[in-house]
Amino acid sequence: MDDQPAFEQITALIRSREADLISLTQDLIRIPTLNPPGDCYREICEYLARRLTQSGFETELIRAVGTPGDSDTYPRWNIIARREGCHPGPCVHFNSHTDVVEVGNGWTKDPFGGALEDGKIYGRGACDMKGGLATSIIAAEAFIALFPDYSGAIEISGTADEESGGYGGVAYLAEQGYFSPQRVQHVIIPEPLNKDRVCLGHRGGWWAEIETFGEIAHGSMPFLGDCAVRHMGAVLTEFEDKLYPAMAARTTDMPVVPEGARSSTMNINSVHGGQPEQPADYTGLPAHCVPDSCRIVIDRRFLAEENIADVRGEVTALLDGLKATRDKFDYDLREINLVLPSMTDRAAPVVQVIASQIEKVLGKPAEFVASPGTYDQKHIDRIGKLKNCIAYGPGILELAHKPDEYIGVQDMIDSAEIMVRGLVDILLPQS
Ligand SMILES: [Zn+2]
1 MDDQPAFEQI TALIRSREAD LISLTQDLIR IPTLNPPGDC YREICEYLAR
51 RLTQSGFETE LIRAVGTPGD SDTYPRWNII ARREGCHPGP CVHFNSHTDV
101 VEVGNGWTKD PFGGALEDGK IYGRGACDMK GGLATSIIAA EAFIALFPDY
151 SGAIEISGTA DEESGGYGGV AYLAEQGYFS PQRVQHVIIP EPLNKDRVCL
201 GHRGGWWAEI ETFGEIAHGS MPFLGDCAVR HMGAVLTEFE DKLYPAMAAR
251 TTDMPVVPEG ARSSTMNINS VHGGQPEQPA DYTGLPAHCV PDSCRIVIDR
301 RFLAEENIAD VRGEVTALLD GLKATRDKFD YDLREINLVL PSMTDRAAPV
351 VQVIASQIEK VLGKPAEFVA SPGTYDQKHI DRIGKLKNCI AYGPGILELA
401 HKPDEYIGVQ DMIDSAEIMV RGLVDILLPQ S
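Just so you know, we're using UniProt numbering here: the sequence shown kicks off at 1 and counts up by one.
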């Protein structure tokens, strides 16, 4: 569809619903869906169910029973809403996570107040990603109002636990078939990646704990024992001398932002060795012991061009090398979690549709990016086997998880317009 009056109508309708968009965003922010522990999931699903039922959606509340963190105190509730069109056609699904991360320090606004100041709505989750969720709802409702005769279907989901891996949210729903290519054909995740960017996917992640061993002895005679912390020091030296330079030299064709994440990276997440730390009010002195165990957790992010066997093998080869050359060195490696990289093809229909509408609405070509960290696309890709999926939303990436997080009202309006025009491209029969 390329007729100007229809586009003007879309713009006018979205603008006329600005107050509704603002109050919807504020309502969502005021439900404190903190994760951990996973608060108020039922409450936010019920709120969304009331809203979307009024707009003609069939809604389903689904508890991810038995997933990590799910309990009667903190049940993992999700909502899927679907509205059928008038003719057969594809289904466009907007997926937003409803959970938000801890508040943290440094706020000057009420994190669950939803204050509106100078065109910005403040609160934990405003940017990541309740503003994106509200935008997709307003877009879907506006599209339905303007083009009630559409083909196919629109789905909107609000899912739990994205911030802790998505196992009680999108992963669970994908396992139940809610993201199968038979049911859904296009997925847009309104994560905060900036309104002028299409996010194609994310790097992989491999998390593991490495433990070195020693032998306890009196600290005055360390030669009678074996210090596990010194062994770990040797591990870290190997990493510094060999692994880090090798990772830094590797680059990717993935358009990862920020640019520093365009090579392989590894964070040392924690180090624990020797006696457990005492509470801050403990006034005793440490006993004199040689530590017999030291543990680190590594967080290795890898590129689409690397395969997981090599990622693992590179670390274990260094550890095995130490085992062969260093006296009494032994280690254990325990894998904690693995997420493979996910990248949607640039030629995929949902990529092309949203990119072209970004250019038409904002007047400049869309930027294609990939995310340094993972998000729920991994489950839609690996479990759902659905490849036509992007992240596209109005929030500013750098504000996510920060104090005084906000969402810009104009950014939501622009994004909503792009979403409506995307729905027009996909769900209106081309004349
Ligand atoms: Zn998010």
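Backbone N, C-alpha and C define an ideal beta-carbon position, used for all residues, glycine too.
Take the Cβ of Asp223 as the centre, count every other Cβ of all protein chains shown within 10 Å, and call the residue buried at 16 or more, exposed below.
Residue numbering aside, residue 223 sits at position 223 when the sequence shown is read from its first letter. The residue you asked about is not Asp; residue 223 is Phe in the sequence shown. Exposed.
How about Gly273 and Met221: are their beta carbons less than 8 Å apart?
In the sequence shown, residue 273 corresponds to position 273, counting from 1. In the sequence shown, residue 221 corresponds to position 221, counting from 1. For Gly273 and Met221, no; Cβs fall outside 8 Å.
Pick from Pro429, Leu133 and Ala145: whose alpha carbon is nearest that of Ser16?
Position 16 of the sequence shown holds residue 16. Looking at Pro429, Leu133 and Ala145, the one whose alpha-carbon comes closest to that of Ser16 is Ala145.
Around ligand 1, what residues have a beta-carbon under 7 Å from a heavy atom of it, in chain order?
Each of His97, Asp128, Met129, Glu162, Glu163, Glu191, Pro192, Tyr375 and Ala400 has a C-beta closer than 7 Å to some heavy atom of ligand 1; these make up the full list, in chain order.
How far does the beta strand (DSSP E) with Val369 in it extend, from its first residue to its last?
Translated into the one-based positions of the sequence shown, residue 369 becomes position 369. Looking at the DSSP string, the run of the beta strand (DSSP E) that includes Val369 is Glu367 to Ser371.
Check this for me: beta carbons of Pro403 and Asn105, under 8 Å apart or not?
Numbered from its first residue, the sequence shown carries residue 403 at position 403. Numbered from its first residue, the sequence shown carries residue 105 at position 105. Yes, they are a contact pair.
Locate the beta strand (DSSP E) running through Tyr331, then write down its first and last residues.
Here residue 331 refers to the residue found at position 331 of the sequence shown. Start and end: Tyr331 to Val339.
Is it buried or exposed, Pro276, if we count other Cβ atoms within 10 angstroms and call 16 or more buried?
As a working note, residue 276 is residue 276 in the sequence shown. Residue burial is scored here from C-beta neighbours: Pro276 has fewer than 16 other C-beta atoms within 10 angstroms and is therefore classed as exposed.
Is it a yes or a no for the region 118 to 135 touching the region 24 to 39, going by three-plus beta-carbon pairs under 8 Å?
Cβ pair count under 8 Å is three or more, so yes.
Per the DSSP calculation, Gly201 is bridged to which residue(s)?
As a first step, residue 201 must be located in the sequence shown, where it is residue number 201. Beta-bridge partners assigned by DSSP to Gly201: Met343.
By DSSP, does Thr159 sit in helix, in strand, or in coil?
For the purposes of this step, residue 159 is taken as the residue at position 159 of the sequence shown. Correct three-state label for Thr159: strand.
Taking C-beta to C-beta, are Met412 and Leu21 nearer than 8 Å?
Within the sequence shown, numbered from 1, the residue matching residue 412 stands at position 412. Within the sequence shown, numbered from 1, the residue matching residue 21 stands at position 21. Between Met412 and Leu21, the C-beta gap is smaller than 8 Å, which places the two residues in contact.
Where are the alpha helix (DSSP H) runs, 4 residues long or more, that stay fully inside the region 10 to 48, in chain order?
Scanning the region 10 to 48 for uninterrupted alpha helix (DSSP H) segments of 4 residues or longer gives 18 to 29, listed from N- to C-terminal end.
Taking just the CA atoms, how far does Gln54 sit from Asn35?
To locate residue 35, count along the sequence shown from 1; it is residue 35. To locate residue 54, count along the sequence shown from 1; it is residue 54. So the alpha carbons of these two residues sit roughly 28 Å apart.
Boundaries (first-last residue) of the alpha helix (DSSP H) holding Glu238:
For the purposes of this step, residue 238 is taken as the residue at position 238 of the sequence shown. Taken as a continuous stretch (DSSP letters only), the alpha helix (DSSP H) holding Glu238 covers Ala228 to Glu238.
The region 196 to 207 contacting the region 334 to 342, beta-carbon criterion three pairs below 8 Å
Yes, they touch.
Taking the alpha-carbon of Ile138 as reference, which of Gly393, Ile426 and Gln430 has the nearest alpha-carbon?
Walking along the sequence shown from the start, residue 138 turns up at place 138. The residue from Gly393, Ile426 and Gln430 with its alpha-carbon nearest to that of Ile138 is Gly393.
Count the CB pairs spanning the region 341 to 350 and the region 258 to 270 that are closer than 8 Å, and state whether there are at least three.
They do not touch, by the three-pair rule.
Taking Val229 as the reference, give the member of Phe329, Asp310, Arg82 and Gly131 with the closest Cα.
If you number the sequence shown from 1, residue 229 lands on position 229. For Val229, the nearest C-alpha among the options comes from Phe329.
So, are the CB atoms of Glu163 and Val257 less than 8 Å apart?
Taking the first residue of the sequence shown as position 1, residue 163 is located at position 163. Taking the first residue of the sequence shown as position 1, residue 257 is located at position 257. No, the Cβ-Cβ distance between Glu163 and Val257 is not below 8 Å.
Using C-beta distances below 6 Å, list every residue in its chain close to Gln357, excluding the 5 sequence neighbours before and after it, in chain order.
Numbered from its first residue, the sequence shown carries residue 357 at position 357. Excluding residues within five positions, the ones whose Cβ falls inside 6 Å are Ile418, Arg421 and Gly422.
Using a Cβ distance threshold of 8 Å, determine whether the region 65 to 73 contacts the region 359 to 368, with at least three qualifying pairs required.
No: the two stretches stay apart, fewer than three of their Cβ pairs being nearer than 8 Å.
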